Amino acid sequence: MLGILWLIPALPLAGFALLILLGSRFNQRSSSLVGVGSVAISASLALAVAISFIGSPPPNFHYRQTLWQWMQLSNFRPEFALYLDALSVTMIVVITVVGFLILLYSSEYMAGEDGYNLFFAYMDLFVGFMLTLVLADNLLFLYLGWEGVGICSYLLSGFWYKEAANGRAAVKAFVVTRFGDTAMAMGLFLLFMNLGSLQIQELMQRAVQQWPVGSVVAVAAAALLLGGALGKSAQLPLQVWLPDAMAGPTPVSALIHAATMVTAGVYLIARTNVLFTLAPVVQSAVAVIGVLTLLAAGFSALTQSDIKRVLAYSTISQIGYMFLALGVGAWSAGIFHFVTHAFFKSLLFLSAGVAIVACHHEQNIFKMGGLRHQMPVVFWTFIIGAASLAAAPLVTSGFYSKDAILWSVWSSERGGNLLWAGGLLGALLTGIYSFRVVILAFMGEAKAPVTYRPSNLVYIPLIILSIFSVVAGFVEMPRTLGDLQLFSRFLETALPPAHPGHYGVTTEAVVQLIAAVTCLMGIYAAYLVFLRRADLAERLVETPITAALHHWWFVGWGFDWIYDKLFVQPFLWLAKVDKDDVIDLLYQGIALLNRTAHESLSGTQTGRIRGYAAGIAIGSVITLAIVVLL
Amino acid sequence: MASVPMEHGLLIAGILFGLGLVGVLVRRNIIFMLMSIEIMLNAAGLAFVVAGAGWQQPDGQIMFIFILTMAAAEVSVGLALILQFYHHFRTLDADAARRMRG
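Chains as they are written, first to last, in my numbering: chain A, 1 to 630; chain B, 631 to 732.
Below, the structure is given as structure tokens:
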């Protein structure tokens, strides 16, 4: 059964090939059939593989499938090989299932767009590369998928390329992540140079054997890989690209910039957890970066007016939670949050997409309003997503995953009160900003008539994702509530278990109660400020200090401004200065020479046939003279 | 048979060729240009025949037959072109077809 593993990434790639080669001849119906169908089959295969993996686990809980040897350079022999363990099973199921639902939604959402077949081609390519990334057995193959999803992100962020701003946003996303990718590539070089292999499992074994904990090489390698993860997962200080990448179509934001690609960094760190354990400094940095990111993005999300930017900042913030979990060694809690986040965040994006279209492509939440009665289904799905994002206690999946993270941070010896307090403040912010959107966009008075009536193709994914957003949490319950640990037991076959300190159940209950109350306080605060006393929000930003703070958060803590002054402007200045240097003179001279020669020769092209004949005669006379005389 | 020295024959061929070339270059009437080209072809043929006779080889005469065949073909194509040319431009002046500006 596991032998069909290779089909899972191959099918979307085949769908891409078909669409890119013959897509211009397809009508929209067959384009979407190929695009969605290939991922649908891939999803059902992934489910079959997962069931077979759980039902009858392969020896040592992993399964390796070598497709063929990629290249051979002396002792460097990377292979196209797939590696299946509990971690990659989780990833492929989430990617294909969420991907399928989002593609199903897109088949209606994108109807009538120019380049409909291209959209599905790129989406299929993305799913294929993402599956490659998570199934890769060696880091080079993983890097192929890593760069592949990067290019798909670029192509799809700039899908509406006729507007220059969208193209610029796509370029920004590509260039900023490139910083991280360069660091990651150097990390791969370093690992290969020191350990002589890129095959992940072999690499981890050798790293443990050869490097003591905290050795310089291990720290450098882990830090370089972390650089790659920071870029891809939009964490501080490389988070600036994600809010702008919202220029793409909403299904793209849901699939690439919320559910899957941006969590590739989380996957990378979890996959190479041994390295990070060997470099405790870097692992602590992961936790600190996670906390700082989740707070910074949370404050920014609080001030945005564009619904998609709110969701983008909340994505950054939630990935911050995952990093926090990884940083304190709660590997399975981080992956658990990835799973629930993939469901509820794509649900939020897809619901927001319907709302945006219904409001005539209005993304400003202050201009939406009153959608509750006009689109009840979307209102409820959005509420479920927002509640899950805010971790509303007991009934949402977000509660269980975030609770697992916060408890691990509190109890782990690598965690600490400060990190925990940061996470808690983040939870408060999450409650406020997620229900701020609900209240502003869906409650209140209707500001525009709604004419858009989505069909079942849109509703079915929303409803399925809503169900997942609720029930996905029930596979992992804390000790205080049922003590169910299906997910972490499953992941422990691939990832090291968390080491919680020895705390009693009472302590855990108290900590959880604090977290739950914080979240409810956030929701209540949003209710109070934005619904009950709507004037309060405006009064709050009236004083100069709060207004300045509001603006500072609104522009994302001014990172764009700093990077513009620090990198972009100097680079542009340098490029301008460098435009006329000596080397360029040489090339300009060559160009000038060519131009002169061209002009003088083209002057002889007169169209006078007698002139040509004379030319031939003179030429042959000269040639003959040379032959005879020399 | 009192043989003509090869140099004389070749000289005549050369003179004929030169006359044809001058004709092509100075004439503007396209029919005369075609005729001049025929003269040049015949000059080349004459050179072959003279050379063949001089070296007592049949190759020269064979080549002349080839040239004759080719000349016939060339004339038919050339005349067809001239007809079209006249049809199009209503003149026989070769320079009238000048459209390129260099």
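A virtual CB, placed ideally from N, CA and C, is assigned to each residue, including glycine. These figures come from a predicted structure and were not determined experimentally.
Exercise. Given that a residue counts as buried once 16 or more other Cβ atoms are within 10 Å of its Cβ, and exposed if not, what is B:Met-631?
Worked result: Because the pLDDT at B:Met-631 is just 46, under 50, the model does not fix this residue reliably, and the point stays unresolved.
For this session: With distances taken Cα to Cα, identify the nearest neighbour of A:Asp-85 among A:Ser-106, A:Gln-201 and A:Met-184.
Result: A:Gln-201
For this session: Note down, in chain order, every chain B residue with its Cβ under 9 Å from the Cβ of A:Arg-610.
Result: By Cβ distance, chain B contributes Val-654, Leu-655, Val-656, Arg-657, Arg-658, Met-663, Ala-724 and Asp-725.
Exercise. Closest Cβ-Cβ distance between B:Leu-651 and chain A: below 8 Å?
Worked result: Taking Cβ atoms only, chain A reaches closer than 8 Å to B:Leu-651, which makes this a yes.
Problem set entry | Three-state class that DSSP yields for A:Gln-318 in the structure shown | helix
For this session: Output the distance between the C-alpha atoms of A:Thr-606 and B:Val-654, rounded to the nearest integer angstrom.
Result: 17 Å
Exercise. Beta-carbon of B:Arg-729 versus every beta-carbon of chain A: anything under 8 Å?
Worked result: yes
For this session: Answer with yes or no whether the minimum CB distance from A:Ala-617 to chain B is below 8 Å.
Result: yes
Problem set entry | is_contact[A:Thr-132, chain B] using C-beta, thresh 8 Å | no
Exercise. Would DSSP call A:Thr-260 helix, strand or coil?
Worked result: coil
For this session: Verify the CB distance criterion: does A:Ala-613 have a CB-CB separation below 8 Å to chain B?
Result: yes
Exercise. Are the beta-carbon atoms of A:Val-438 and A:Val-310 separated by less than 8 Å?
Worked result: It is not a contact, given that the beta carbons lie outside the stated cut-off.
Problem set entry | DSSP bridge partner residues for A:Asp-124 (one or two, in chain order) | In DSSP, A:Asp-124 forms no bridge with anything.
For this session: Might you give, ordered along the chain, the residues of its own chain that have their beta carbon closer than 7 Å to the beta carbon of A:Asp-306, omitting 5 neighbours on each side?
Result: Closer than 7 Å at Cβ, skipping near neighbours: Gln-363 and Asn-364.
Exercise. Would you call the CB atoms of A:Leu-198 and A:Asn-138 closer than 8 Å?
Worked result: Going by beta carbons, A:Leu-198 and A:Asn-138 fall inside the 8 Å limit.
Exercise. Closest Cβ-Cβ distance between A:Gly-607 and chain B: below 8 Å?
Worked result: yes
Problem set entry | Rounded separation between A:Met-186 and A:Leu-224 - CA only | Rounded to whole angstroms, A:Met-186 to A:Leu-224 spans 7 Å at the Cα level.
Exercise. So A:Gln-588 is in the alpha helix (DSSP H); what residue range does that whole segment cover?
Worked result: A:Gln-588 -> alpha helix (DSSP H) spans 582-602.
For this session: Return the Cβ separation of A:Gly-369 and A:Leu-302 in integer angstroms, given the expectation that the two are a contact with Cβ distance under 8 Å.
Result: The distance from the Cβ of A:Gly-369 to that of A:Leu-302 is about 19 Å, inconsistent with a contact at the 8 Å cut-off.
Exercise. Exposed or buried, which one is B:Trp-685 when buried takes at least 16 other CB atoms within 10 Å?
Worked result: exposed
For this session: Helix, strand or coil for A:Trp-160, going by three-state DSSP, please let me know.
Result: coil
Problem set entry | Proximity of A:Asn-117 and A:Ser-24 at Cβ, strictly below 8 Å | yes
Exercise. Between A:Gln-283 and A:Leu-419, what straight-line distance do the alpha-carbon atoms span, to the nearest angstrom?
Worked result: 13 Å
Exercise. So what does DSSP say about A:Tyr-52, is it helix, strand or coil?
Worked result: It should be pointed out that residue 52 of chain A corresponds to Ser in this sequence rather than to Tyr. If DSSP states are grouped into helix, strand and coil, A:Ser-52 belongs with the helices.
Problem set entry | Straight-line gap, A:Leu-142 to A:Glu-538 (C-alpha atoms, nearest Å) | 49 Å
Exercise. Helix, strand or coil: which one does DSSP assign to B:Met-631?
Worked result: With a pLDDT of only 46 at B:Met-631, under 50, the local geometry of the prediction cannot be trusted, and no value is derived from it.
Exercise. Given A:Cys-359, which residues of its chain have a CB within under 6 Å of its CB, disregarding the five upstream and five downstream residues?
Worked result: Met-368 and Ala-448
Exercise. For A:Gly-158, which option in A:Ala-617, A:Met-246 and A:Gly-231 has the closest C-alpha, if you only look at C-alpha atoms?
Worked result: Ranking the options by Cα distance to A:Gly-158, first place goes to A:Met-246.
For this session: Go ahead and label B:Arg-720 buried or exposed: buried means 16 or more other beta carbons lie within 10 angstroms of its beta carbon, across all protein chains shown.
Result: It counts as exposed.
Exercise. Excluding sequence positions up to five away, which residues of its chain have a Cβ less than 7 Å from the Cβ of A:Gln-512?
Worked result: Asp-403, Trp-407, Pro-478 and Thr-480
Exercise. To the nearest angstrom, how far is it from the Cα of A:Tyr-433 to the Cα of A:Val-577?
Worked result: For A:Tyr-433 and A:Val-577, the distance between alpha carbons rounds to 46 Å.
Exercise. Cβ of A:Ala-220 within 8 Å of Cβ of A:Leu-188?
Worked result: no
Exercise. Alpha carbon to alpha carbon, how far is A:Ser-620 from A:Ile-626?
Worked result: 10 Å
Exercise. Do A:Leu-326 and A:Val-266 have their C-beta atoms within less than 8 Å of each other?
Worked result: yes
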